[in-house]
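Data first, discussion second: the structure below is written as structure tokens.
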Amino acid sequence: PVESNGELARAARDFAAYMARTGRYGHTADDRTPSERAQAAGYAYCVVAENIAYQYRSTGFPGAGELAQAFVQGWIESPKHRANLVDGNLTEIGVGVARDEKGRYFAVQLFGRPRSAAIRFEVENHGPEAVRYSFGERGFTLGPRQRRAHTVCSPTRLQIDGPAGRPPFSAQAVDGKRYTIRSGEVAPKSLR
Numbered sequence: 005p006v007e008s009n010g011e012l013a014r015a016a017r018d019f020a021a022y023m024a025r026t027g028r029y030g031h032t033a034d035d036r037t038p039s040e041r042a043q044a045a046g047y048a049y050c051v052v053a054e055n056i057a058y059q060y061r062s063t064g065f066p067g068a069g070e071l072a073q074a075f076v077q078g079w080i081e082s083p084k085h086r087a088n089l090v091d092g093n094l095t096e097i098g099v100g101v102a103r104d105e106k107g108r109y110f111a112v113q114l115f116g117r118p119r120s121a122a123i124r125f126e127v128e129n130h131g132p133e134a135v136r137y138s139f140g141e142r143g144f145t146l147g148p149r150q151r152r153a154h155t156v157c158s159p160t161r162l163q164i165d166g167p168a169g170r171p172p173f174s175a176q177a178v179d180g181k182r183y184t185i186r187s188g189e190v191a192p193k194s195l196r
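To convert, note that position 183 of the sequence shown is 187 in the numbering used here; the numbers rise steadily by one, no gaps.
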């Protein structure tokens with residue numbers, strides 16, 4: 005479930021109104037990205053995603069519910085828009101709808117994960133040899149007696165390679181944890 009956010013709602017309303025006023029349509033119709041619009045509205049973001057659409061019927065829409073249903077159904081049927089609707093890493097939403105002079109309705113869903121919800125963790129090597137680890141698509145080498153801090157915007161799986169013949173350590177990276185390697189063993193501890 006997502007929670008309503010005032011800054012995202014303001015950015016979504018303003019962008020829907022812009023598209024209705026100018027007739028320009030697209031994620032960068034105002035020469036800005038969704039993230040730039042969210043930031044301009046005061047949203048401190050880690051991740052931003054956007055769904056846009058427009059609807060028109062010569063007979064109009066009898067009510068807001070039918071209009072909303074038409075927008076949502078269109079997004080559900082579009083794989084990229086549907087991905088935004090079901091992305092569990094997006095925690096907040098703002099919605100805007102505007103009507104132009106011709107009777108077209110423009111809708112914007114602006115999803116976000118605030119910077120305050122970033123996941124911060126550390127990997128520390130107390131062993132005598134370098135250690136390889138990875139998360140997401142990125143790999144790292146950590147020398148002996150070194151520590152590295154990471155901040156990610158979406159939950160990620162951390163994998164730390166074990167010594168030869170031993171399986172790797174693998175776990176979901178947890179906010180506020182330090183993963184310390186000693187003699188090939190990994191011990192997660194709280195940073196706070």
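Just so you know, even glycine gets a beta-carbon here, dropped at the ideal spot from N, CA and C.
In three-state terms, what does DSSP make of residue i?
i: A48; result: coil
i: P172; result: coil
i: N88; result: helix
i: V76; result: helix
i: Y58; result: strand
i: E7; result: strand
i: A53; result: strand
i: P118; result: strand
i: L195; result: coil
i: E133; result: coil
i: S82; result: coil
i: A177; result: coil
i: F65; result: coil
Who are the near neighbours of residue i in its chain, counting only those whose CB is closer than 7 Å to its CB and skipping five residues on each side?
i: L195; result: E126, G180, K181 and R182
i: C157; result: C50, V51, R117 and A122
i: R103; result: A24 and Y109
i: S39; result: Y49 and V52
i: H85; result: N55 and W79
If residue i and residue j are in contact, beta carbons under 8 Å, what's the gap, nearest whole angstrom?
i: A15; j: Y22; result: 10 Å between Cβ atoms; not a contact.
i: A57; j: A111; result: 5 Å
i: G64; j: G107; result: 7 Å
i: E96; j: A45; result: 12 Å between Cβ atoms; not a contact.
Between which two residues does the alpha helix (DSSP H) containing residue i stretch?
i: R28; result: Unbroken run through R28: none, as it is neither H nor E.
In terms of residue numbering, what span does the beta strand (DSSP E) encompassing residue i cover?
i: H154; result: Q150 to V156
i: N129; result: I123 to N129
i: R103; result: E96 to R103
i: G200; result: Only positions 5 to 196 of the chain appear in the structure, and residue 200 is not among them; the question remains open.
i: K181; result: K181 to R186
i: R161; result: R161 to I164
Between residue i and the ligand ATP, is the CB less than 8 Å from at least one heavy atom?
i: S82; result: Inclusion of the ligand ATP in the displayed structure is not the case, the ligand content being empty and no account of it being possible.
Ordered along the chain, which non-local residues of its own chain (more than five positions away) have a Cβ less than 8 Å from that of residue i?
i: R41; result: A15, D18, F19, D34 and L114
i: T160; result: I123, F139, G140, Q176 and A177
i: A153; result: R124, F125 and E126
i: L94; result: V6, V51, A53, N88, F115, G116 and R117
i: R90; result: With the sequence shown as reference, residue 90 is identified as Val, and Arg is not the correct amino acid for it. Cβ within range, chain order: n/a, list empty.
Starting from the C-beta of residue i, find all residues in its chain whose C-beta is less than 6 Å away, skip the five residues before and the five after it, and write them out in chain order.
i: P192; result: K181 and Y183
i: T155; result: A122 and R124
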